[in-house]
Structure formats: structure tokens, C-alpha cells
Amino acid sequence: MTKTVTKTAPKSATKSAAHSCTDPKSVYAAACPCRDMLDLLANKWSALALGALEDGPQRFGVLRTRLQGVSPKVLTQTLRRLEDHGLVHREVHAEVPPRVEYSLTALGADACVPLAHLRTWVEHNIDRFPETA
């Protein structure tokens with residue numbers, strides 16, 4: 598038997614129309630609500646977690662193994678933020694021991710498109726970057 602835990606609407610879905618980012622330059626304004634999402638998507642672990650979830654639903658341990666170098670604490674915080682913003686769905690299965698799977702929402706899958714382009718660009722151009730200390 599599978600039990601799905603559902604949360605309230607993500608923060609992004611509860612914003613009023615008055616806070617929309619209709620002006621393409623508004624993201625540069627300090628008060629723009631788009632900045633929170635931009636900050637989330639520009640985070641290394643968020644981008645990598647979303648990319649890993651493109652392969653389908655995954656458990657925490659599988660994600661932690663795939664995202665080499667991430668601590669359990671940081672991965673937990675990242676997945677919670679992605680879930681709070683409506684990009685990731687967390688499903689708890691009523692089993693013993695409990696099994697939790699993470700998957701992309703439709704919004705998360707949409708966000709993966711530009712992030713995949715960015716990952717590909719970095720991989721193709723890594724030799725062009727100056728070496729850092």
C-alpha cells in the first residue's frame with residue numbers, strides 16, 4: 598500500500614499577480630520575487646539534484662551517491678527547498694521501513710531544460726576556463 602504525503606501549494610503558486618515578473622528586467626530589481634527562484638536554480642546542488650531526477654524517481658541514498666561530495670544535511674536542505682518551491686515531489690510509501698522517493702514535478706521538468714543546456718555548455722567548455730587555485 599502506498600501513502601502519498603501531500604503538502605500545501607508551493608510558495609511560488611501562492612504569490613499574487615501583483616508580484617509577477619512581467620518586466621524582463623525586473624529580476625535586477627532588489628524586490629523582484631523572481632530572485633528567490635533564480636537563487637534556488639543557480640545553486641550547484643539544486644541544479645545537480647534536478648538533473649539527477651531527470652532519470653526518474655529516486656531515493657535519498659541514490660541521490661546522495663550520485664551527487665558526489667554533497668553532505669546528507671545539504672542534500673536534505675536542497676530537496677526541501679526544491680519541494681517547497683514546487684519543483685520536486687516527495688512521496689512517502691507506507692512500508693516498513695518507510696520508503697521515500699523524490700521526483701520532478703511538471704515545473705521541475707520545465708526547469709531542467711535550461712539547466713541541461715547550462716550543464717552541457719560547461720562540459721563542452723571546461724577546458725577554456727582558467728584554472729583556479
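The C-terminal position of the sequence shown is numbered 730 in our numbering, with every residue numbered one higher than the one before it.
We put the CB at the ideal spot given by N, CA and C, even for glycine.
Owing to the predicted nature of the structure, the values given are computational and were not obtained by experimental measurement.
- Annotation for residue 667: no beta strand (DSSP E) segment contains it, and DSSP assigns it neither H nor E.
- For residue 632, the enclosing alpha helix (DSSP H) has its first and last residue at 631 to 639.
- When the beta-carbon positions are compared, residue 708 and residue 647 come within less than 8 Å of each other.
- Each residue's CA atom was taken as its position, placing residue 702 and residue 686 some 6 Å apart.
- Beta-bridge annotation (DSSP): residue 700 is paired with 686.
- Sorting 639, 631 and 629 by C-alpha distance to the C-alpha of residue 711 places 639 at the top.
- Taking a contact as a CB-CB distance under 8 Å, the pair residue 656 and residue 696 counts as one, their CB atoms being some 7 Å apart.
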